[in-house]
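Engineer:
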Ligand SMILES: Nc1nc2c(c(=O)[nH]1)N[C@H]1C(S)=C(S)[C@@H](COP(=O)(O)OP(=O)(O)OC[C@H]3O[C@@H](n4cnc5c(=O)[nH]c(N)nc54)[C@H](O)[C@@H]3O)O[C@H]1N2
Ligand SMILES: Nc1nc2c(c(=O)[nH]1)N[C@H]1C(S)=C(S)[C@@H](COP(=O)(O)OP(=O)(O)OC[C@H]3O[C@@H](n4cnc5c(=O)[nH]c(N)nc54)[C@H](O)[C@@H]3O)O[C@H]1N2
Ligand code: SF4
Ligand SMILES: [Mo]
């Protein structure tokens with residue numbers, strides 16, 4: 064019998080999936096899924112999952128694993144020493160049920176983000192809430208400006224909505240989308256804040272700003288104009304690798320059109336990531352793009368907006384990118400691979416190694432499970448009930464049980480067992496599922512999260528006075544010191560460290576090293592040796608290593624963004640040498 068569920072993965076698209084005798088197919092009836100999936104789900108069965116719990120390297124029963132976990136929690140709880148570190152390996156809302164247990168026993172949880180926290184902080188500063196720009200609005204625009212988002216790879220279900228639009232791509236890489244765009248602005252990595260400030264300045268110089276709109280929603284725009292005047296045009300354009308023409312031709316393309324600007328995580332992997340989003344939002348505000356049909360600025364919208372968590376809240380938090388595991392007696396990792404995906408891998412490995420006890424609750428073997436004292440296999444998304452929302456659209460998708468299996472344990476079941484033992488109140492699984500679904504309502508061929516406007520910010524912003532708050536100062540960390548810029552985007556083959564991980568470094572063929580050479584990349588944080596592959600889509604002063612490549616985060620720093628406690632994966636410059644051992 065066919066069942067309909069949703070892809071659980073951390074992805075803009077949140078596809079609706081038909082499960083037919085174990086086969087996974089894209090749902091034709093769902094307007095955002097359009098009948099196809101991506102390689103991750105098409106090859107879902109190819110990837111070996113963890114089948115048995117493991118304690119000190121020995122296979123044990125689930126009963127034994129859970130008993131051991133209980134003992135560890137009991138001991139660590141007394142010392143106030145538990146860290147619950149949860150990633151987004153599965154995006155279902157029910158994943159948070161373990162927070163309920165751990166928060167209730169006084170554990171520390173994480174805040175901040177490895178992902179979109181810097182950008183979101185900027186959006187919250189300017190707009191007050193981070194609302195999704197729905198695909199329907201994008202489809203109604205004339206011009207789409209894609210800024211640091213790799214749509215064919217990370218958000219491919221949006222492609223049908225871009226048909227027939229004028230396309231501008233701002234990306235240091237000549238991506239597939241850049242190749243077919245009307246305009247490609249190939250700036251140096253990290254140059255976005257300056258570029259956005261210059262665009263904003265010329266929007267005003269050229270009189271393209273929407274004065275009527277600004278009088279109502281952006282009163283402070285003149286102060287912002289003064290701020291944009293502090294950017295030295297010629298010097299800055301040289302620095303970021305652009306010319307005046309790169310401003311002029313984009314403004315010509317935007318003039319008088321319905322414009323959607325789609326930003327992604329690429330532009331905010333820096334300490335000043337919040338300022339980049341604020342400056343791009345300022346362009347949106349100046350042009351009056353917010354709250355208008357066929358217009359807007361979209362980032363990774365808040366997927367939980369309007370759905371308050373039903374779970375207990377923690378009182379102690381540790382910033383996710385810099386968490387010090389060695390401070391804890393028990394570290395419980397769920398749906399994540401911090402040993403590979405957090406920045407500064409050497410520090411992370413050292414710190415994980417010094418945790419009293421490390422437990423890993425997940426689906427696949429990875430660097431973190433290899434270090435863990437106890438490994439607990441999870442159930443797949445087909446074997447447990449859940450509900451999900453997304454950061455690329457406003458749909459809500461139910462995820463019923465599609466398959467029975469004796470392997471692994473679901474998050475609800477694990478949390479419920481622990482709550483039982485420690486005498487903590489927890490509602491039934493169905494209660495939480497119903498609770499989540501109560502925030503959904505039927506829309507056009509889909510369920511939507513209630514009260515998420517079809518045209519976001521149509522009634523002004525979510526700030527105290529409804530006004531857009533322009534950036535007031537900036538601290539663009541743009542480093543022209545020695546070394547290459549590191550770009551670390553998502554791979555088509557992996558989902559961060561899940562599935563088929565990449566294993567090379569990519570540079571322009573003019574780099575002076577022979578293809579296939581083992582190169583030692585090093586930064587202030589550490590080094591990694593990877594085979595060189597040519598990629599003529601790159602600028603000469605960039606090295607590209609995909610997210611999920613083993614060792615990539617040896618190169619990235621233990622730094623938090625100025626706002627949003629986000630990781631700064633592209634903050635370090637890189638030295639490249641032939642590997643001496645080769
Ligand atoms: N250099 C560099 N580093 C990066 C990034 C980058 O761009 N460059 N990107 C960052 C970003 S945006 C993100 S979001 C993070 C992601 O980093 P992580 O959150 O660590 O995510 P993954 O690497 O995808 O690992 C997810 C794990 O979840 C487990 N899992 C999957 N499904 C389930 C389930 O149903 N239940 C349970 N319990 N476990 C499950 C799998 O075993 C898998 O190992 O990486 C960050 N790291
Ligand atoms: N196939 C696949 N899909 C995924 C994921 C995956 O790992 N694989 N991960 C999922 C997750 S967790 C997330 S957060 C999303 C993120 O998805 P995206 O938002 O698309 O993020 P990235 O791929 O990191 O980077 C996007 C683009 O930014 C560019 N870029 C890098 N640095 C800069 C810069 O300084 N300025 C500008 N203008 N552009 C820059 C990169 O070249 C890249 O083309 O994707 C999700 N979807
Ligand atoms: S595109 Fe995203 S949501 Fe759709 S199947 Fe692939 S990973 Fe899942
Ligand atoms: Mo992410």
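Residue numbers (the numbering used here): 64 to 645. For every residue, glycine included, the Cβ atom is placed at its ideal position computed from N, Cα and C.
Only counting the same chain, and skipping five residues up and downstream in sequence, which positions put a Cβ closer than 6 Å to that of residue 184?
Structural biologist: 337, 626 and 627
Engineer: Taking 5 Å as the limit, tell me which residues put their C-beta closer than that to any heavy atom of ligand 3, in chain order.
Structural biologist: 70, 72, 74, 76, 78, 100, 101, 103 and 104
Engineer: Spatial neighbours of residue 288 within its chain, please: CB distance less than 6 Å, with the 5 preceding and 5 following residues excluded, ordered by chain position.
Structural biologist: 267
Engineer: How is residue 414 classed by DSSP in three states: helix, strand or coil?
Structural biologist: helix
Engineer: Quick check on DSSP: helix, strand or coil for residue 594?
Structural biologist: strand
Engineer: Provide the residue(s) that pair with residue 420 in DSSP beta bridges, ordered along the chain.
Structural biologist: 393
Engineer: Should residue 178 be listed as close to ligand 4, given that the test is whether its C-beta is under 6 Å from any heavy atom?
Structural biologist: yes
Engineer: Taking only three categories from DSSP, how would you classify residue 561?
Structural biologist: Three-state DSSP puts residue 561 in a strand.
Engineer: Return the chain-ordered list of same chain residues with a C-beta closer than 8 Å to the C-beta of residue 176, the five sequence neighbours on each side being excluded.
Structural biologist: 183, 383, 384, 627, 628, 629 and 630
Engineer: Alpha carbon to alpha carbon, what distance is there between residue 511 and residue 504?
Structural biologist: 5 Å
Engineer: Under 6 Å from any heavy atom of ligand 2, does the C-beta of residue 255 make it?
Structural biologist: At least one heavy atom of ligand 2 is nearer than 6 Å to the Cβ of residue 255, so yes.
Engineer: May I have the straight-line CA-CA distance separating residue 239 from residue 552, to the nearest angstrom?
Structural biologist: 14 Å
Engineer: Let me know the beta strand (DSSP E) ranges lying completely inside the region 187-213, each 3 residues or longer, listed in chain order.
Structural biologist: 206-210
Engineer: Determine the DSSP secondary structure at residue 382, reduced to helix, strand or coil.
Structural biologist: strand
Engineer: Could you tell me the alpha carbon to alpha carbon distance between residue 681 and residue 579, rounded to whole angstroms?
Structural biologist: In the structure as shown, the chain starts at 64 and stops at 645, and residue 681 therefore has no counterpart that could be examined.
Engineer: Between the Cα of residue 589 and the Cα atoms of 545, 618, 82 and 324, which residue gives the shortest distance?
Structural biologist: Selected option, being the one with the closest Cα: 618.
Engineer: Would residue 394 and residue 402 be called neighbours here (beta carbons separated by less than 7 Å)?
Structural biologist: no
Engineer: Looking at residue 191: is its Cβ nearer than 7 Å to the Cβ of residue 524?
Structural biologist: yes
Engineer: Please tell me whether, using a cut-off of 6 Å, the distance from the CB of residue 646 to the nearest non-hydrogen atom of ligand 1 is below it.
Structural biologist: In the structure as shown, the chain begins at 64 and stops at 645. Residue 646 is therefore absent and cannot be evaluated.
Engineer: For ligand 2, is there any heavy atom lying closer than 6 Å to the beta carbon of residue 346?
Structural biologist: Every heavy atom of ligand 2 is 6 Å or more from the Cβ of residue 346, so no.
Engineer: Measuring CB to CB, does residue 606 end up less than 7 Å from residue 520?
Structural biologist: no
Engineer: From which residue to which residue does the alpha helix (DSSP H) around residue 174 run?
Structural biologist: Here residue 174 belongs to no alpha helix (DSSP H); instead the beta strand (DSSP E) covers 171-174.
Engineer: Taking only beta-carbon positions, decide if residue 489 is within less than 7 Å of chain C.
Structural biologist: Of the protein chains in the structure, only one exists, and it is not chain C.
Engineer: Is the region 240-247 touching the region 99-115, taking contact as three or more C-beta pairs under 8 Å?
Structural biologist: no
Engineer: Mind checking whether the beta-carbon of residue 445 lies closer than 6 Å to any heavy atom of ligand 2?
Structural biologist: no
Engineer: Let me check understanding here. Comparing Cα to Cα, which of 202, 210, 216 and 581 lies closest to residue 227?
Structural biologist: 202
Engineer: Less than 7 Å between the beta carbons of residue 325 and residue 357, yes or no?
Structural biologist: no
Engineer: Does the contact criterion of 3 or more C-beta pairs under 8 Å hold for the region 164-178 versus the region 137-151?
Structural biologist: In this structure the region 164-178 touches the region 137-151; the number of beta carbon pairs closer than 8 Å is three or more.
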